[in-house]
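Working notes for the structure below.
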Amino acid sequence: MITQFIFALIMTLVSIVYSTFIPTDRLVHLDLKGAPPKISYIEQFFPFIKSLGATGLLIEYEDMFPFWGPIKPLSASNAYTRREIEQILTLAHDNELKVIPLIQTFGHLEFGLKLPEFAKLREVAQHPQALCPSKNGSRELIQNMVDQVMTLHKTSHWLHIGCDEVYQLGQCSSCIQRLRNHEQNWIFLQHVQSGVAE
1 MITQFIFALI MTLVSIVYST FIPTDRLVHL DLKGAPPKIS YIEQFFPFIK
51 SLGATGLLIE YEDMFPFWGP IKPLSASNAY TRREIEQILT LAHDNELKVI
101 PLIQTFGHLE FGLKLPEFAK LREVAQHPQA LCPSKNGSRE LIQNMVDQVM
151 TLHKTSHWLH IGCDEVYQLG QCSSCIQRLR NHEQNWIFLQ HVQSGVAE
């Protein structure tokens, strides 16, 4: 009986807080993979979300970002150009929307790990979902992605590194070897600290 009362009281307090609390930052997540909207659509969309109270954008490009150099294959044939990224960022600025780029740096890397050039970096050979943090080239791939995205997002103060839903972790022989004296979360934290947080 007491437990039900306490639960009801907590739920009432939560509903009061949520009905009166307005967060300072209200971000809209733009997941652009596969079918990026045209700039002409974005020109209309940004003022619309601003009018609804949005203060920023969490932009997840994946294969729609115009990567260059050794990681150019990550970009789809219909990826935005650098000029189009500049236009998107200018439109965001003009609508007073801060931009936080989201780069998948561990899980959700199918867009890159499905490619022959990067398949060797998979945690599990049969699944292109997760990057192996123990393989040579993994850290370099992530650092190149982060460097290139942030090069075009010079005014962004934040970067979202993904790292959710890493379904295959600590399964390859190299990771198993590294985990002999550690818990599985150790290898996760090592990847984030050494490869992404620099």
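Numbering (UniProt numbering), first residue to last: 1 to 198.
Note that CB positions come from ideal geometry on N, CA and C, so glycine has one too.
Can you find the residues in the same chain that come closer than 6 Å, C-beta to C-beta, to Leu27, ignoring five residues on each side of it along the sequence? Short of 6 Å from the beta carbon of Leu27, and not among the five residues preceding or following it, lie these beta carbons of its own chain, in chain order: Gly56, Leu58.
What three-state label does DSSP hand Ile100 in the structure shown? Here Ile100 carries a strand assignment [DSSP, helix/strand/coil].
Nearest-angstrom Cβ-Cβ length linking His29 and Glu62, presumed shorter than 8 Å: For His29 against Glu62, the beta-carbon gap comes to about 13 Å, at or over 8 Å, which does not count as contact.
Local conformation of Val124 per DSSP, three classes: Three-state result, Val124: strand.
Give the range of the beta strand (DSSP E) segment to which His29 is assigned. From DSSP, the beta strand (DSSP E) with His29 extends over 27 to 31.
Neighbourhood of Ala92 by C-beta distance below 7 Å, restricted to the same chain and skipping five residues each side: Excluding positions up to five away in sequence, the list reads Phe46, Leu57, Val99.
Give the straight-line distance between the Cα atoms of Gln129 and Val166, rounded to the nearest whole angstrom. Between the C-alpha atoms of Gln129 and Val166 there is a straight-line separation of about 8 Å.
Work out the CA separation of Leu159 and Gln104 for me, nearest whole Å. Rounded to the nearest whole angstrom, the C-alpha separation of Gln104 and Leu159 is 11 Å.
Segment limits, beta strand (DSSP E) that includes Gly56: Gly56 -> beta strand (DSSP E) spans 56 to 60.
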